[in-house]
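Per my numbering, the sequence shown starts with residue 550, numbered consecutively. Okay, structure first, notes after.
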Amino acid sequence: MGTSTVIQAVAAFIALGLYFLPAILADRRKRHDLLTLALFNACLGWTGFGWLAALYWALQPNPPKDVANQVEQTRRIVKMRNFSVMLVQRVQNRATRNKGGR
């Protein structure tokens, strides 16, 4: 094995590492969508834009694991808040009507 072959092997290893840098960073940051990001990186990383998009994606914080559940909980909280506000208004309206009627 000649020196040039070793240099070419090292260069290829470094090039692959740079190419898959977004996927490596996502793995190190324990992203939940690592497979999707790695596939995106593998398929579109050859374009400069695809590689930059994958890098940006890899550096973003993890999305919530269960978005649907979180949305449902937020809706319930908002409904309960609205119910409470309307209940307080109704009690206040009754109190003012009872004071005015006496």
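All C-beta atoms in this analysis are idealised placements derived from N, C-alpha and C, irrespective of residue type, glycine included.
List the endpoints of the continuous alpha helix (DSSP H) containing residue i.
{"i": "Q609", "result": "Per DSSP, Q609 belongs to no alpha helix (DSSP H) and is neither H nor E."}
{"i": "T585", "result": "583-593"}
{"i": "D576", "result": "570-577"}
Out of the options, which one is the CA nearest neighbour of residue i?
{"i": "Y568", "options": "S553, L583, A558, T596", "result": "T596"}
Within 10 angstroms of the Cβ of residue i, are there 16 or more other Cβ atoms? Answer buried if so, exposed if not.
{"i": "L608", "result": "exposed"}
Less than 8 Å separating the beta-carbons of residue i and residue j?
{"i": "L586", "j": "R580", "result": "yes"}
{"i": "L604", "j": "L570", "result": "yes"}
{"i": "Q619", "j": "P613", "result": "yes"}
Am I right that residue i and residue j are in contact with their C-beta atoms under 8 Å? What's the rounded C-beta distance?
{"i": "N590", "j": "A572", "result": "5 Å"}
{"i": "D502", "j": "L584", "result": "An answer regarding residue 502 cannot be provided, because it is not within the stretch 550 to 651 covered by the chain."}
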